[in-house]
Amino acid sequence: MPRTIMVLLLSGAAGFAVYADLHLQAWQALLPLFEWMETTPVGAIGKTWGAAFAIIEAFHLLGLALLGGAVLVADGRLLGLCFVEIPQRWLEDQLHRVFMAGLWVLLITGVFMACAVAVKIYYLPVYWFKMLALAVGIVFALAIRRPLLQENVERMSPWLRRVVALASLMVWFTVAATGRWIGFS
Amino acid sequence: MTDLKLSAWLSSAIIIVGFGVYWFLQIQSVRELLAMAYG
Amino acid sequence: MLNQWIFDFAVWVDATRWSTLLHESFYLYNWVETTHVLSLTISLGLLFLIDLKMLGYALPNVSPLQIANRLHWPMLLGFSVMFITGALLFYAIPVRSAQSVWFRIKLLLLVCAALNAFLFHRALRQSAAGWSEGLPTPRALRRGAGYSLLLWTLVVICGRLIAYDWFDCVKEPHPLLAAFAGCVAGQEVF
Chain A
1 MPRTIMVLLL
11 SGAAGFAVYA
21 DLHLQAWQAL
31 LPLFEWMETT
41 PVGAIGKTWG
51 AAFAIIEAFH
61 LLGLALLGGA
71 VLVADGRLLG
81 LCFVEIPQRW
91 LEDQLHRVFM
101 AGLWVLLITG
111 VFMACAVAVK
121 IYYLPVYWFK
131 MLALAVGIVF
141 ALAIRRPLLQ
151 ENVERMSPWL
161 RRVVALASLM
171 VWFTVAATGR
181 WIGFS
Chain B
1001 MTDLKLSAWL
1011 SSAIIIVGFG
1021 VYWFLQIQSV
1031 RELLAMAYG
Chain C
2001 MLNQWIFDFA
2011 VWVDATRWST
2021 LLHESFYLYN
2031 WVETTHVLSL
2041 TISLGLLFLI
2051 DLKMLGYALP
2061 NVSPLQIANR
2071 LHWPMLLGFS
2081 VMFITGALLF
2091 YAIPVRSAQS
2101 VWFRIKLLLL
2111 VCAALNAFLF
2121 HRALRQSAAG
2131 WSEGLPTPRA
2141 LRRGAGYSLL
2151 LWTLVVICGR
2161 LIAYDWFDCV
2171 KEPHPLLAAF
2181 AGCVAGQEVF
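Chains as they are written, first to last, in my numbering: chain A, 1 to 185; chain B, 1001 to 1039; chain C, 2001 to 2190.
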């Protein structure tokens, strides 16, 4: 039962880490990295030219559109809300490609933006919540949801489909919302 | 139940509960702030 | 003259009670803006799926008409939300928005995008009759999809740039820019 054990271990470790304030120690250890990020050429460009930062941010939003659209349609299909006449596995494969394209755009533009404002976001709790949600989202999407849907989905319990779709939607909504929140800070 | 299905149930449940709590707390704090601001 | 009308209209809107309330609200403006930005995942997300399909990058071997039909209503719902929240954002800060070069360019692009969508729809209906799944997408539809991607990318970029005040009227920009932005000589409201 490797996957189940990994889920239990990761959740348990995360819970324990927070209980023991290990996450604060990890956070403190990351300060040099974030200070360094601002000194990189990428960081310098973003800090000097607001227009460059804004355009990269616009592409960040376009990546979000790709990822969000793929997630909405994929989870909608899982919930039986759309495209029920299209075979699940095929649609899933197709949307996964769009999802990954969106994710790469988000990650690349995200790193660029982070370098420009690294120390500022380092001190924003909402940024770290976003990174946590992002990590959970990526692991859940690639290690749990996708392999699960490679199997025979039609025989899957409808309740399992619903919780997986709901979890997926919640995670990515949280990533998007906390991301927007950073913009207000 | 297969490992895949069990891990899916488990991780989905953890996410739904965990993120649900997070959003509940966020909305709570927003409501408190609004109550303080507008009375 | 048109610029004066726009300015007068914006000043009038600015003086309304709800405009001020929205602008100075604790959270409502932020919530409206968040909804505006996040709902692009619905409107543009679904639209990009259709465009990418037409260009052959996604969802091959499925009838384009089927994809377009299925995504049509959720997509329109997303665009409605964007339009309403966009109007509210303008309503909250009318003068600066009306005189923002980026906002004006964005509106022009939106008109072009709407026109492109209309032409695309018409071409889709016309070509759907003699179409089977294996054939490549007609060139007109590929062009429409390409324009769609380009126009909406520019819309998002302009939308993001509205927040930057480099060319705001209050900063007395270059006369050509001031003319395009509709700055009114001697205006006291910004």
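Ideal Cβ placement from N, Cα and C applies to all residues, glycine included.
Inter-residue Cα distance where the pair is residue i and residue j
i, j, result
"L2059 of chain C", "L2065 of chain C", "12 Å"
"L166 of chain A", "V1017 of chain B", "11 Å"
"D93 of chain A", "K2053 of chain C", "14 Å"
"R155 of chain A", "C82 of chain A", "18 Å"
"V98 of chain A", "W2005 of chain C", "45 Å"
"L2040 of chain C", "L2149 of chain C", "13 Å"
"L10 of chain A", "E1032 of chain B", "33 Å"
"V2156 of chain C", "V73 of chain A", "22 Å"
"A26 of chain A", "F129 of chain A", "14 Å"
"R2070 of chain C", "R161 of chain A", "21 Å"
"A2114 of chain C", "K1005 of chain B", "45 Å"
"L2044 of chain C", "A20 of chain A", "43 Å"
"V2032 of chain C", "M1001 of chain B", "45 Å"
"M1036 of chain B", "S1029 of chain B", "11 Å"
"Y2029 of chain C", "V2013 of chain C", "16 Å"
"V2101 of chain C", "R145 of chain A", "45 Å"
"C2112 of chain C", "E2172 of chain C", "29 Å"
"L1025 of chain B", "F1019 of chain B", "10 Å"
"E57 of chain A", "G110 of chain A", "8 Å"
Neighbour flag for residue i against chain B, beta carbons, 7 Å
i, result
"F2120 of chain C", "no"
"A167 of chain A", "yes"
"V18 of chain A", "no"
"V71 of chain A", "no"
"V126 of chain A", "no"
Proximal chain B residues relative to residue i, where beta-carbon distance stays under 7 Å
i, result
"Y2027 of chain C", "V1030, L1034"
"S185 of chain A", "Correct list: empty, because the minimum Cβ distance to chain B is about 14 Å."
"R3 of chain A", "D1003, L1004, S1007"
"L160 of chain A", "K1005, A1008, W1009"
Interface partners of residue i on chain C, CB under 8 Å
i, result
"A1037 of chain B", "F2026"
"A29 of chain A", "Under the 8 Å cutoff, chain C gives no residues; its nearest Cβ is about 32 Å from A29 of chain A."
"L66 of chain A", "G2045, F2048"
CB contact below 7 Å: residue i versus chain C
i, result
"L106 of chain A", "no"
"Q94 of chain A", "yes"
"V117 of chain A", "no"
"F112 of chain A", "no"
"F99 of chain A", "no"
"F83 of chain A", "yes"
"R180 of chain A", "yes"
Short CB-CB distance (under 7 Å) between residue i and chain A
i, result
"N2116 of chain C", "no"
"T2034 of chain C", "yes"
"I1015 of chain B", "yes"
"I2157 of chain C", "yes"
"L2149 of chain C", "no"
"R2125 of chain C", "no"
Minimum Cβ-Cβ distance from residue i to chain E less than 7 Å
i, result
"L9 of chain A", "No chain E appears in this structure, whose protein chains are A, B and C."
Assigned secondary structure, residue i (DSSP; H/G/I helix, E/B strand, else coil)
i, result
"F2026 of chain C", "coil"
"A2068 of chain C", "helix"
"E2188 of chain C", "coil"
"L81 of chain A", "coil"
"D2051 of chain C", "helix"
"E35 of chain A", "helix"
"M170 of chain A", "helix"
"V2062 of chain C", "coil"
"I86 of chain A", "coil"
"M1 of chain A", "coil"
"V163 of chain A", "helix"
"M156 of chain A", "coil"
"L1956 of chain C", "As shown, chain C starts at 2001 and ends at 2190. That puts residue 1956 of chain C outside it, with no answer to give."
"S2019 of chain C", "helix"
"W1009 of chain B", "helix"
"P2175 of chain C", "helix"
"V184 of chain A", "The sequence shown places Phe at residue 184 of chain A, rather than the Val named in the question. Note: F184 of chain A maps to coil in three-state DSSP."
"S2100 of chain C", "coil"
"E151 of chain A", "coil"
"I45 of chain A", "helix"
Amino acids of chain C, ordered along the chain, whose beta-carbon sits closer than 7 Å to that of residue i
i, result
"I86 of chain A", "V2062"
Residue i: contacting residues in chain B (beta-carbon distance under 8 Å)
i, result
"T174 of chain A", "F1019, Y1022, W1023"
7 Å Cβ cut-off: residues of chain A touching residue i
i, result
"V2170 of chain C", "Result: empty, since nearest Cβ-Cβ is about 17 Å, beyond 7 Å."
"N2069 of chain C", "In chain order: nothing, as chain A lies at least about 11 Å away."
"L2059 of chain C", "Q94"
"R2142 of chain C", "Those do not exist, as R2142 of chain C stays about 18 Å from chain A at its closest Cβ, beyond 7 Å."
"T2153 of chain C", "L62"
Within chain A, the residues that residue i reaches when beta carbons sit closer than 8 Å
i, result
"T2137 of chain C", "Per Cβ cutoff of 8 Å: no residues; T2137 of chain C is ~16 Å from chain A at best."
"L2052 of chain C", "V98"
Short-range partners of chain B found in the segment 129-156 of chain A, where Cβ spacing is below 8 Å: Under the 8 Å Cβ criterion, the segment 129-156 of chain A contributes F129, A133, V136, F140, I144, R145, P147, L148, E151, M156.
Interface positions of the segment 2081-2115 of chain C facing chain A (Cβ-Cβ less than 9 Å), listed along the chain: The residues in question: there are none.
Under 7 Å (Cβ pairs) to chain C, residues found in the segment 36-63 of chain A: Shown in chain order are the members of the segment 36-63 of chain A whose Cβ falls below 7 Å from a Cβ of chain C: G50, A54, I55, E57, A58, L61, L62.
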